[in-house]
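Take a look at the structure set out below.
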Amino acid sequence: MTASGTPTTAPQSAEDGALRRAIGPRLLILFVIGDILGTGIYATTGKVAGKVGGALWLPFAIGFVVAILTAASYVELVGKYPKAAGAALYTQKAFKTPFLTFIVAFMVMCSGLASASAAARAFSGDYLSELTGDALPPTLIAITFLVLLAALNLRGVSESVKTNVVLTLVELTGLAIILAIGAYAVLSGDGEPSRLTEFEAGGGTGYALMTSVLGATALGFFAFVGFEDSVNMAEETKDPVRTFPRAIFIGVAVTGTIYVLVALVSSLLVDHKTLEGSSGPLLEVVKAGGVDFPHKLFALIALFAVTNSALINIMMASRLCYGMANERILPRAMGRVLAKRRTPVVGIVFVSLLAIGLVSTGEIEGLGDTTAFLLLCVFAVVNVAVLVLRRDRVDHAHFRTPTALPVLGAITALILASPLADRPAEVYIRAGILLAIGVALWAVNKAVLRTRGEE
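According to my numbering, the sequence shown is numbered sequentially starting from 2.
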């Protein structure tokens, strides 16, 4: 699916088809941070608060630990195999089962669509209402938003790392504003510190408390997804074996710290019920902070953040679809491109229709939870793969994570993906329907290849 990567201990060759290694350590760190930041923290903070209560910081702290565990596995694997195929490559190398590899790749694609749909819902919510009022139905706005993204994608949106740096700085600005407001509130003696230890547990029992925290963590984990996409830049990174460990660990640590601090500020200044009822929870924090910061400007920053997340995810999903079609895993027609623009037209239309179906039948919480569920399943496979691939030796030195970390990563990912996380049945149904669509396309493609004698 990708060009061949060269180990950093060997001289770089100028072989035809090789990608240019243009990304240095600093750019890669900013790319990782930019990939993680976005819709999750801007849109789902309130829904996480609704599950756990005032102790909003705890699910993000636990999610940070889980992300670090899986990030360690990705770091070992990208150092061992510095190629741009991510989880699908690792799954195929470890288990050598094409159907499982397809399922993992399709789950990654669908997670991007669910994430883009959650971003579309966030775009049509309170952040937009702050600017325009409630002029149109939110679902119509969300669908229109996805159609416009598809049109941009068809024209051939150029996704460069340097542009991503600019977008990342804008998103970081919005979160820096929240932290500055929090610091001002603390120094002024405002806020309610007692809320930081309040838990919302349905039945008041220990089991209810556990499931509410796990459920909040599973949903909050949506804010951490994105670092796994950075491994697809391996073939365009200078010295990836040495660069990636530092970039991924710093990226996850920076975003995790920001998320916990934003959660603390949010709970300190706004009651969890108010946060839960808002589709623009961080705007509620700005309004309650006692600082004369323009509400409309912050709403615009938030809209920019969720738009960037949605566009990146739609592009990623359409390119995955295109790649699978070229590899004859999906029907060949899905790999067709526009003659002039050279963009994957069928793939873009297909993923956009799926995203429209998702946004028409789900809200921010359910779509964010679907994203997290799909990726938690993928992360469980990746954590097992890193252990299986220990028997595969390569001829260059690379980062090796302590064995306990992928073991804990697989266990925690499976727990957060399980019914223990108090996840609504609709999330499992939605994920099941998406996978059923993928399996049907895979089966049709296999039948066609068999008929033509091309299998």
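Beta carbons are placed, not taken as given, at the ideal position from N, Cα and C, and that holds for glycine.
Every value quoted in this text rests on a predicted model; they were computed, and no experiment measured them.
- Nearest neighbour of P26 by Cα position, chosen from I330, E201, V242, turns out to be V242.
- By alpha-carbon distance to L270, the top candidate from Y208, L284, T258 is L284.
- A straight line joining the alpha-carbon of A73 with that of C322 spans about 27 Å.
- Under the three-state reduction of DSSP output, I330 falls in the coil class, being neither helix nor strand.
- With distances taken between CA atoms, G363 lies nearest to T140 out of K84, T140, A217.
- Within the same chain, F228, S231, A248, I249, G252 come within 7 Å of V33 by CB-CB distance, once the 5 residues on both sides are set aside.
- Counting C-beta pairs closer than 8 Å gives fewer than three between the stretch 65–84 and the stretch 367–375, which falls short of the contact rule.
- A distance of 8 Å or more separates the beta carbons of G39 and N233.
- K288 counts as buried, since no fewer than 16 other beta carbons sit within 10 angstroms of its beta carbon.
- In this structure, L220 is the residue among L220, V263, I430 with its C-alpha nearest to the C-alpha of G51.
- One Cα belongs to T198, the other to F61, and the distance between them is close to 14 Å.
- According to the DSSP assignment, H273 belongs to the alpha helix (DSSP H) that extends over 273–277.
- Taking the Cβ atoms as the reference, A177 lies roughly 13 Å from G290, outside the contact range of under 8 Å.
- In this structure, DSSP gives T238 an extended state, which the three-state scheme calls strand.
- For I416, same chain residues with a beta-carbon under 8 Å away, outside a window of 5 residues either side, are L215, A422 in chain order.
- I179 and V389 have their alpha carbons spaced roughly 43 Å apart.
- Bounds of the alpha helix (DSSP H) holding F32 are 26–37.
- In the three-state DSSP reduction, V226 falls in the coil class, being neither helix nor strand.
- Taking C-alpha positions only, V292 is separated from I182 by approximately 7 Å.
- Taking the Cβ atoms as the reference, V360 lies roughly 5 Å from A143, within the contact range of under 8 Å.
- By the CB criterion at 8 Å, I365 and A119 fall inside the cutoff.
- Distance check between S112 and each of L442, A318, G126, V307 places A318 closest, using alpha-carbon atoms only.
- The Cβ atoms of V53 and S213 sit closer than 8 Å to each other.
- When A411, L436, S353 are compared, the shortest CA-CA separation from T71 is found for A411.
- Within the model, the alpha-carbon separation for V395 versus P83 is close to 11 Å.
- Comparing alpha carbon positions, the residue from K81, L129, V67 closest to A300 is L129.
- When the Cα atoms are used, L137 and S353 turn out to be separated by approximately 21 Å.
- Between P246 and F400, the CB-CB gap stays under 8 Å.
- The three-state secondary structure of K341, taken from DSSP, is coil.
- Just measuring C-alpha positions, the residue of T404, R343, A386, L149 sitting nearest A311 is L149.
- Scanning R424, T102, A448, V226 for the CA closest to the CA of L114 turns up V226.
- Fewer than three beta-carbon pairs drawn from the stretch 443–454 and the stretch 375–390 are found closer than 8 Å, and the two stretches are therefore not classed as touching.
- DSSP places F351 within a helical segment (H, G or I) once states are collapsed to three.
- Uninterrupted alpha helix (DSSP H) stretches at least 4 residues long and entirely within the stretch 401–432 occur at 405–418, given in chain order.
- CA-CA distance, I302 to A95, rounds to 42 Å.
- For Y128, the enclosing alpha helix (DSSP H) stretches over residues 127–133.
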